[in-house]
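Chains as they are written, first to last, in the numbering used here: chain U, 1 to 189; chain D, 190 to 378. A short write-up of the structure that comes next.
2 protein chains.
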Amino acid sequence: MKELVNYILQFGNLNQQQIDLILTKAKEKDIKKEEYFSEAGKIAAEVGFIVDGIMRVCYYNNKGEEITKYFIDENNLVVDLESFDNNICSSAYVQAVTDCKVIVFSKADWQELLDTIVGWDTIVHKIISKALIQKVARRSPLVSEDATTRYLSFMEMFPKVINRIPLSYLASYLGITQSSLSRIRKNIR
Amino acid sequence: MKELVNYILQFGNLNQQQIDLILTKAKEKDIKKEEYFSEAGKIAAEVGFIVDGIMRVCYYNNKGEEITKYFIDENNLVVDLESFDNNICSSAYVQAVTDCKVIVFSKADWQELLDTIVGWDTIVHKIISKALIQKVARRSPLVSEDATTRYLSFMEMFPKVINRIPLSYLASYLGITQSSLSRIRKNIR
DNA sequence: AAAAACATTTGCCATATGACAAAAAGCGAT
DNA sequence: ATCGCTTTTTGTCATATGGCAAATGTTTTT
Chain U
1 MKELVNYILQ FGNLNQQQID LILTKAKEKD IKKEEYFSEA GKIAAEVGFI VDGIMRVCYY
61 NNKGEEITKY FIDENNLVVD LESFDNNICS SAYVQAVTDC KVIVFSKADW QELLDTIVGW
121 DTIVHKIISK ALIQKVARRS PLVSEDATTR YLSFMEMFPK VINRIPLSYL ASYLGITQSS
181 LSRIRKNIR
Chain D
190 MKELVNYILQ FGNLNQQQID LILTKAKEKD IKKEEYFSEA GKIAAEVGFI VDGIMRVCYY
250 NNKGEEITKY FIDENNLVVD LESFDNNICS SAYVQAVTDC KVIVFSKADW QELLDTIVGW
310 DTIVHKIISK ALIQKVARRS PLVSEDATTR YLSFMEMFPK VINRIPLSYL ASYLGITQSS
370 LSRIRKNIR
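Written out as structure tokens, the structure is:
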């Protein structure tokens, strides 16, 4: 739980009592490779914090292709915000790409913490804003760059991730086919 | 100012006194076509609300091309969050695409409102989260769709915007060249 | 170790998009 | 209406990427 506490304290201060309260609600959970953290068509029920492993957020586009919207790795929150906040069914699902260890909070517990701990809502908002800004910042450049540049940027940005994920997932994240990506890799060597 | 008040009240309740206080800080401002609302290399100094007109958020990529990251139109907030929140220089700039009428708040006034009005921070966070989620949702599909699909989606999503913006801006938003976009338009007719 | 299942690479060809330049159309100022 | 400037369209050709299928490589199961 140490990682979670460190992560939270980056965004604001809490006293020991508050931290302890948060930790009473936290449950460790293992998610095996390829299993789901949350599913499309359901309402997101948990907030998670990835201690170890990589997940991906996906959806099916109108051509029926499975698209990886983004990867989430260690020391990051994983939650389908739109679904969680608004109690609406999600159009996306979150799947473990590798075996994952996560710390989860149920929706009810999460709400209770928000109601109980003064300042917790501010911290949560900061965490979420930062994550969203990051998502936009990562996804946006993909639109205007060519495939090779996208791959190189990804490698630079996530050197630790790139060798732990299947080629096909990365290709769909980058918006290219898996054979194109394979050729790009060959050209780079 | 009616539009601004309506917009705000969608996200939470405020009493008349609180609304009045907010309005004392609000200043109307006209920005002519092609003028800047905020500039790259500077720290964002204002939060704006577009009453009329369209703006675009841009940056130069590493090839020196000007990229339009997104368009913002009527009844939306315009603020460079990363720069505004963290007091860091922005890498992006915001330019009026048409003549614009905006309501602006200086950073100091904005901060004062946050400190004074109970519940205002929650409303602001909701507004910002929603805007960020929307940005991700709009930008993401561009990665995996082909150019024609991107254009059609844009048309469907922003029928009121499409005829008020130059082709070149839209092309850079969609991640294609302006001649490709021109050809795509021809094929659709 | 062999077989089966899955992931990646490669070949071949079709197609979409880019690059560059010129022509055409649109628009504002006089 | 005309001129000059900007935006959009079009032509030509080069190139990147996609689609599909086969071959190769890798991992898992038995």
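Even glycine gets a Cβ: it sits at the ideal position worked out from N, Cα and C. The structure displayed is predicted, hence computed values, not measured ones.
Own chain partners of residue i with C-beta closer than 7 Å, once the 5 adjacent residues on each side are dropped
i	result
Val79(U)	Ala44, Val47 and Gly48
Ala215(D)	Met190, Leu193, Ile292 and Phe294
Ile220(D)	Phe226, Ala285, Cys289 and Val291
Thr98(U)	Lys33, Gly53, Ile54 and Arg164
Ala92(U)	Ala40, Val57, Cys58, Tyr59, Lys69 and Asp80
Chain U residues whose Cβ lies nearer than 8 Å to that of residue i
i	result
Arg328(D)	Val136, Arg139, Ser140 and Val143
Contact set between residue i and chain D, taken where Cβ atoms lie within less than 8 Å
i	result
Asn61(U)	Pro330, Ser333 and Glu334
Ser172(U)	Ser333
Residue-level contact to chain U via CB, residue i, 8 Å cutoff
i	result
Lys258(D)	yes
Glu271(D)	yes
Ile377(D)	no
Leu321(D)	yes
8 Å Cβ cutoff, residue i in contact with chain D
i	result
Ile128(U)	yes
Gly12(U)	no
Ile184(U)	no
Ser180(U)	no
Ser168(U)	no
Ser90(U)	no
Counterpart residues of residue i in DSSP-defined beta bridges
i	result
Val281(D)	Note that residue 281(D) is Ala in the sequence shown, not Val. Answer by DSSP bridge pairing: none, since Ala281(D) is not bridged.
Val246(D)	Tyr259(D) and Val283(D)
Gly237(D)	Val267(D) and Val293(D)
Ser38(U)	Val94(U)
Ile220(D)	Cys289(D)
Interface residues of chain U facing residue i [CB-CB closer than 7 Å]
i	result
Gly364(D)	Val143 and Ser144
Close-in-space but distant-in-sequence residues of the same chain around residue i (CB under 8 Å, 5 per side omitted)
i	result
Ser279(D)	Ser227, Glu228, Ala229, Gly230, Lys231, Ile232, Ala233, Asp269, Glu271 and Ser272
Tyr70(U)	Arg56, Val57, Lys135, Arg138, Arg139 and Tyr173
Glu35(U)	Gln95 and Ala96
Met346(D)	Arg327
Ser342(D)	Pro330 and Glu334
Leu302(D)	Leu210, Ile211, Lys214, Phe294 and Trp309
Leu321(D)	Leu270
Asp304(D)	none
Thr68(U)	Arg56, Val57, Cys58, Tyr169, Leu170, Ser172 and Tyr173
Asp376(D)	For the sequence presented, residue 376(D) should be read as Asn rather than Asp. Within the same chain, Asn376(D) has close Cβ partners Thr337.
Residues of its chain near residue i, where Cβ-Cβ distance is below 6 Å and the 5 sequence neighbours each way are ignored
i	result
Met344(D)	Ile351
Leu23(U)	Met1
Thr337(D)	Ile373
Arg339(D)	Leu331 and Leu363
Asn265(D)	Ile239
**Report entry** Segment contact, 8 Å Cβ cut-off, at least three pairs: the region 170-179 of chain U with the region 291-300 of chain D
**Finding:** The region 170-179 of chain U is not in contact with the region 291-300 of chain D.
Using 8 Å as the threshold, is the region 200-212 of chain D in touch with the region 305-325 of chain D, meaning 3 or more CB pairs across them?
-> Touching, per the Cβ criterion.
Okay, do the region 149-169 of chain U and the region 350-362 of chain D touch, 3+ Cβ pairs below 8 Å being the bar?
No, because fewer than three Cβ pairs between the region 149-169 of chain U and the region 350-362 of chain D fall closer than 8 Å, the two stretches do not touch.
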